[in-house]
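Okay, so here's the structure we're looking at.
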Amino acid sequence: MTDPDLPMTSPPKGPPPRLSQILADLAGDESRDRISVADMLETMRARAFGALLLIFAFPNILPSPPGTAGILGMPLIFLSAQMMLGLRPWLPGIIARRSMARSTFQGLVKRIAPWLARAERLLRARLRMLAWPVSQRILGGLCLIVSIALALPVPFANMAPAIALCLIGLGVLERDGIWILVGIAAALGSLVYVAGLAYALVKSALFLMWNAF
975 MTDPDLPMTS
985 PPKGPPPRLS
995 QILADLAGDE
1005 SRDRISVADM
1015 LETMRARAFG
1025 ALLLIFAFPN
1035 ILPSPPGTAG
1045 ILGMPLIFLS
1055 AQMMLGLRPW
1065 LPGIIARRSM
1075 ARSTFQGLVK
1085 RIAPWLARAE
1095 RLLRARLRML
1105 AWPVSQRILG
1115 GLCLIVSIAL
1125 ALPVPFANMA
1135 PAIALCLIGL
1145 GVLERDGIWI
1155 LVGIAAALGS
1165 LVYVAGLAYA
1175 LVKSALFLMW
1185 NAF
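Everything in the sequence shown is counted per this note's numbering, starting at 975 for the first residue and increasing by one.
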């Protein structure tokens, strides 16, 4: 029995679950036949910006069918714009209703898990001012530009922006300013890389047109 004269105290809260655990729990939820974008948004709640940036950017690092960057780029553009404006994460129904079979989602989580586990061992709260709400709005503006660059139909240009978004997403997720700084450097580098590829592509097209006539 508890002493009525003692103040009631709530049990101490442990650290929030890591993204790898959240994804594993969602993938293992046998009550769902399919996993939608809305399910992921709801499951991740306050951690959604960092987590969803990672989830939508990471497939662009892996070998994927043509056009994947354009499809996954749209949610990234929406999320980055909301992050910049300080809004709660929200996606229009046409995107939020998109879903995949749970078995497909399990396969995706299985591919992400080893990389995510390695990253989580290195992540910890540092330079937390870079993850404050005001800082996140500035990061959102940078992520918006990088997301647009990722969605551009420039061959071989989507991997570098995707890596930058993953680094920033992980940094925001775990409030790790070091990873955010590395992500910012990677984002700036990816923009230079994409601009260089786009310039070379346009110059080559103009050269071919000029010599064709």
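Glycine included, C-beta positions come from ideal geometry on N, C-alpha and C.
Model, not experiment: these values are computed from the prediction.
Apart from the 5 residues on each side of it in sequence, D1007 sits with its Cβ closer than 8 Å to the Cβ of A1075, R1076 in its chain, given in chain order.
DSSP lists S1010 as the bridge partner or partners of S1073.
For R1100, the three-state secondary structure derived from DSSP is strand.
A buried status is given to V1146, since no fewer than 16 other beta-carbon atoms sit within 10 Å of its beta-carbon. When only Cα atoms are considered, G1151 and A1159 end up about 12 Å apart.
For the 9 Å CB-CB criterion, A1161 and L1090 do not form a contact. If you ignore the 5 residues before and after L1053, its C-beta comes within less than 7 Å of the C-beta of F1023, L1026, L1027, P1063, all in its own chain and listed in chain order. In the DSSP assignment, D1150 forms a beta bridge with R1100. Taken atom to atom, the span from the alpha-carbon of L1124 to that of P1049 is near 12 Å. In the DSSP annotation of this structure, the continuous segment of the alpha helix (DSSP H) that includes R1111 starts and ends at 1107-1125. In the DSSP assignment, S994 falls within the unbroken alpha helix (DSSP H) covering 993-1001.
Distance from V1083 to P1135 at the Cβ level is roughly 23 Å; contact not present, criterion being Cβ atoms closer than 8 Å.
Annotation: L1118 to P1129 spans about 20 Å, alpha carbon to alpha carbon. A buried status is given to S1121, since no fewer than 16 other beta-carbon atoms sit within 10 Å of its beta-carbon. Apart from the 5 residues on each side of it in sequence, A1012 sits with its Cβ closer than 6 Å to the Cβ of A1070 in its chain, given in chain order. Here DSSP, grouped into helix, strand and coil, assigns L1053 to helix. DSSP places W1064 in the coil class of the three-state scheme, outside both helix and strand.
Taking A1172 as reference, the option from A1131, F1032, D1003 with the minimal CA-CA separation is A1131.
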